[in-house]
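Position in the sequence shown counted from 1, then plus 28, gives you this note's numbering. Ideal placement from N, C-alpha and C gives every residue a C-beta, glycine not left out. From a predicted model like this one, the values you see are computed outputs, not experimental measurements.
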Amino acid sequence: MAVYVGRWDCPTCGNVGVLGPETQCPNCGSPRPKNVKFYLPSEAELVKDAKRIKEAQAGVDWICGHCGNQNKAANTHCSSCGNVRDDDSGDENLQERDYATNEVPVGSFEKERTYHPEEPQYKNNQPKKKKNIFGRIAAAVTAFLATIFGFQALQKTVDVTVQDFKWERQVQVIHLEPVQRESWNLPQGAYNVQKFKAIKGYDKVLRGYENKQVQKRVKVGERTYVCGKIDKGNGYFADKYCTEPVYETRTETQRVPVYDQVPIYGTKYRFTIKDWVDKQPLYAGGQNHDAYWPELKQKGSDWKTGQRKEHYHVIVREDDGELHEEEVGPNYWASLDYNQKIPAKHSIILNFYYGLADENKGR
Ligand SMILES: [Zn+2]
Ligand SMILES: [Zn+2]
């Protein structure tokens with residue numbers, strides 16, 4: 029385990045970078061403060077000396093409850109006042125702390141910690157927040173809509189005059205006539221029947237087995253790496269180790285079944301049968317207020333009408349003579365008269381016309 033020499037700053041005289049294991053400031057002689065925060069400069073000294081490594085591993089320093097001096101774990105008496113180490117007299121311990129590689133404190137004079145090369149940086153790379161382009165577009169659209177609706181809030185109701193009407197109606201025509209069909213069953217009323225063989229489906233039939241190469245990801249062991257530093261609570265730091273699984277891709281041979289698709293034949297019918305067929309629809313329409321449904325000209329039980337569609341427009345005139353055409357519902361359209369005054373929405377500033385105001389206009 030690699031051990032490094034940490035540092036601390038003296039709050040009494042402002043001396044920075046005091047060697048971690050020192051329990052007193054070499055400049056002013058003040059004891060290491062009770063709430064000392066050890067840090068690790070990027071160029072921290074790697075400890076090689078066995079005695080100091082042992083000191084680093086011996087445990088956290090303790091604070092004398094009598095005089096406040098800090099002492100090594102191995103000391104049984106305070107090195108300053110000679111008091112016996114004793115929990116009852118208020119002696120306290122410093123704390124050991126774990127840091128991830130990118131969180132190790134580096135000291136006030138160093139802005140950024142440089143990584144030790146043996147530390148895999150990818151472990152600590154937080155995914156950068158991508159600038160969300162969609163968020164920006166949404167913000168722009170929202171701002172745009174706020175402007176539009178802001179303008180709409182500045183609107184008034186004005187009377188417009190009914191100038192003209194338009195309408196359009198459509199009726200589906202359906203005819204009973206002979207059509208060509210194919211089916212697995214023969215329906216009633218079919219004639220000109222032909223029978224033929226056709227593929228109805230497929231059976232999955234086992235042909236045999238064959239060997240196939242498949243790739244498999246197999247765990248082959250574990251890898252230990254440095255994932256941070258431990259503040260030993262005595263002025264030293266030590267490497268923190270993490271493990272992660274190591275995988276290998278292996279090729280395996282597997283016996284897999286092989287199938288044939290065997291067609292299933294059946295008897296199918298091709299025939300003529302009488303059925304209802306959609307023909308060209310009937311249309312009616314005009315620029316007036318007299319709507320009617322177009323009538324079926326063909327007589328006989330083999331003709332009928334189907335689905336109906338209708339569209340109605342009203343053309344209104346503003347006081348300044350400007351015309352607007354708008355689609356409305358059938359009931360509203362029928363209730364209107366020529367030259368009738370009806371409400372519409374208009375902007376107060378800028379000459380915007382927003383359409384008819386009656387809430388029943390779609391009915
Ligand atoms: Zn000092
Ligand atoms: Zn003491």
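Please say whether Y127 and G256 have beta carbons closer to each other than 7 Å?
Against the sequence shown, residue 256 aligns to sequence position 228. Against the sequence shown, residue 127 aligns to sequence position 99. Their beta carbons are under 7 Å apart, which means G256 touches Y127 by this criterion.
Quick check on the DSSP output: the beta strand (DSSP E) that includes S107 runs from which residue to which?
For this step, residue 107 is matched to residue 79 along the sequence shown. Run containing S107: none; DSSP gives neither H nor E here.
Alpha carbon to alpha carbon, what distance is there between V342 and Y366?
Start at 1 with the first residue of the sequence shown, and residue 366 comes out as number 338. Start at 1 with the first residue of the sequence shown, and residue 342 comes out as number 314. Computed Cα separation, rounded: 10 Å.
With a CB to CB cut of under 7 Å and the five nearest residues on each side skipped, what residues in its chain are close to K223?
Walking along the sequence shown from the start, residue 223 turns up at place 195. Cβ neighbours of K223 within its own chain (closer than 7 Å, five residues either side excluded): T295 and Y297.
Can you tell me which residues fall inside 6 Å of ligand 1, judged by beta-carbon distance to its nearest heavy atom, and keep chain order?
C38, T40, C41, N43, C53, N55, C56 and S58
Between the Cα of E350 and the Cα atoms of Q191, E196 and R391, which residue gives the shortest distance?
The sequence position of residue 350 within the sequence shown is 322, counting from 1. Checked all of Q191, E196 and R391; the closest Cα to E350 is Q191.
Determine the direct distance from the alpha carbon of D306 to that of Q216, and round the result to whole angstroms.
As a working note, residue 216 is residue 188 in the sequence shown. As a working note, residue 306 is residue 278 in the sequence shown. Their backbone Cα atoms lie some 22 Å apart in a straight line.
DSSP has F380 in a bridge; who is on the other side?
Here residue 380 is taken as the residue at index 352 of the sequence shown, counted from 1. BP columns for F380 are empty, so no partner.
In chain order, what residues have a CB nearer than 6 Å to some heavy atom of ligand 2?
C92, H94, C95, N97, C106, S108, C109 and N111
Are V248 and E280 close, meaning C-beta to C-beta below 7 Å?
On the sequence shown, residue 248 is found 220 positions in, with the first residue counted as 1. On the sequence shown, residue 280 is found 252 positions in, with the first residue counted as 1. Not closer than 7 Å, so no.
Nearest to P54 by alpha carbon, out of E210, D37, I370 and N63?
Position 26 of the sequence shown, counting from 1, holds the residue named residue 54. Measuring from the Cα of P54, the nearest candidate turns out to be D37.
CB C95 to CB S108, shorter than 7 Å?
Position 67 of the sequence shown holds residue 95. Position 80 of the sequence shown holds residue 108. Yes, the Cβ-Cβ distance between C95 and S108 is below 7 Å.
Enumerate in chain order the residues of its own chain whose CB-to-CB distance from G118 is below 7 Å, with the five nearest sequence positions on each side excluded.
Position 90 of the sequence shown, counted from the start, is the residue given in the question as residue 118. Only G93 meet the Cβ criterion.
Quick test of your reading: H339 and W195, contact by CB under 8 Å. State the CB separation rounded to the nearest angstrom.
As a working mapping, residue 339 is identified with position 311 in the sequence shown. As a working mapping, residue 195 is identified with position 167 in the sequence shown. Right, the Cβ-Cβ distance comes to about 7 Å (below 8 Å), so this counts as a contact.
Starting from the Cα of F265, find the closest Cα among Q123, K369, W90 and V186 and give me that residue.
If you number the sequence shown from 1, residue 265 lands on position 237. With distances taken between Cα atoms, F265 lies closest to Q123.
Is the beta carbon of G334 closer than 7 Å to that of Q183?
The residue labelled residue 183 in the question sits at position 155 within the sequence shown. The residue labelled residue 334 in the question sits at position 306 within the sequence shown. Taking 7 Å as the Cβ cut-off, Q183 and G334 do not qualify as a contacting pair.
Can you tell me where the beta strand (DSSP E) holding E250 begins and where it ends?
Within the sequence shown, the letter at position 222 stands for residue 250. First-last of the beta strand (DSSP E) with E250: Y219 to D259.
Would you kindly work out how many angstroms separate the C-alpha atoms of Y287 and V242, rounded to a whole number?
Here residue 287 corresponds to residue number 259 of the sequence shown, with the count starting at 1. Here residue 242 corresponds to residue number 214 of the sequence shown, with the count starting at 1. CA-CA distance, Y287 to V242, rounds to 19 Å.
What are the start and end residues of each continuous alpha helix (DSSP H) run of 4 or more residues lying completely inside the region 58 to 124, in chain order?
78 to 85
Pop quiz: V188 and V356 are said to be a contact at Cβ under 8 Å. What is the actual Cβ separation, rounded to whole angstroms?
As a working note, residue 188 is residue 160 in the sequence shown. As a working note, residue 356 is residue 328 in the sequence shown. Not a contact, Cβ separation roughly 13 Å.
Please name the residue in S375, N262, Q208 and A226 whose C-alpha comes closest to that of A218.
Position 190 of the sequence shown, counted from the start, is the residue given in the question as residue 218. Ranking S375, N262, Q208 and A226 by Cα distance to A218 puts Q208 first.
On the criterion of 16 or more Cβ atoms from any shown chain inside 10 Å, does P39 qualify as buried, or is it exposed?
Counting from 1 along the sequence shown, the entry for residue 39 is found at position 11. Result: exposed.
Leaving out five residues before and five after R125 in sequence, what residues of the same chain have Cβ atoms less than 6 Å from its Cβ?
Taking the first residue of the sequence shown as position 1, residue 125 is located at position 97. The residues D259, in chain order, have a CB closer than 6 Å to that of R125 in the same chain once the five nearest residues on each side in sequence are set aside.
Note down the Cα distance separating N388 from Y360, rounded to an integer number of angstroms.
Your numbering for residue 388 matches position 360 in the sequence shown. Your numbering for residue 360 matches position 332 in the sequence shown. Cα-Cα distance, rounded: 7 Å.
Measure the alpha-carbon distance for N262 versus V246 and round it to whole angstroms.
The count along the sequence shown starts at 1 and reaches residue 262 at position 234. The count along the sequence shown starts at 1 and reaches residue 246 at position 218. Going by the C-alpha atoms only, they are around 43 Å apart.
Let me make sure I understand the geometry here. Which of D303, Y237 and W321 has the alpha-carbon closest to that of S329?
Sequence index remark: in the sequence shown, residue 329 carries index 301 (1-based). Of the listed residues, the one whose Cα sits closest to S329 is D303.
In the DSSP assignment, find the unbroken alpha helix (DSSP H) run with P49 in it and report its ends.
Counting from one through the sequence shown, the residue named residue 49 turns up at place 21. Counting along the chain, P49 falls outside any alpha helix (DSSP H), and DSSP gives it neither H nor E.
T271 by DSSP, collapsed to three states: which one?
Your numbering for residue 271 matches position 243 in the sequence shown. Note: T271 maps to strand in three-state DSSP.
I need the straight-line Cα distance from K373 to I165, nearest angstrom please.
Counting from 1 along the sequence shown, the entry for residue 373 is found at position 345. Counting from 1 along the sequence shown, the entry for residue 165 is found at position 137. Taking the straight line from one Cα to the other gives about 30 Å.
So, with DSSP's three-state summary, where would you put Q208?
Here the question's residue 208 lines up with position 180 in the sequence shown. Reduced to three states, the DSSP call for Q208 is strand.
Measuring alpha carbon to alpha carbon, tell me which residue in A102, K82, S58 and K79 is nearest W90.
On the sequence shown, position 62 is the one that residue 90 refers to. Among A102, K82, S58 and K79, the Cα nearest to that of W90 belongs to A102.
For A30 and G48, what's the separation of their Cα atoms in angstroms?
Along the sequence shown, read from residue 1 onward, the residue named residue 30 stands at position 2. Along the sequence shown, read from residue 1 onward, the residue named residue 48 stands at position 20. Put simply, the backbone Cα of A30 is about 16 Å away from that of G48.
In terms of residue numbering, what span does the alpha helix (DSSP H) encompassing S363 cover?
In the sequence shown, the residue the question calls residue 363 occupies position 335. Start and end: P358 to S363.
Can you pull the DSSP bridge partners for H317?
Here residue 317 corresponds to residue number 289 of the sequence shown, with the count starting at 1. Bridge partners of H317: none, in fact.
Under 8 Å Cβ to Cβ from I376, same chain only, skipping five residues before and after it: list those, please.
Your numbering for residue 376 matches position 348 in the sequence shown. The residues are L182, Q183 and K184.
Would the C-beta of Q315 count as close to ligand 3, meaning under 6 Å from any of its heavy atoms?
For ligand 3, the structure offers nothing, since it holds only ligand 1 and ligand 2.
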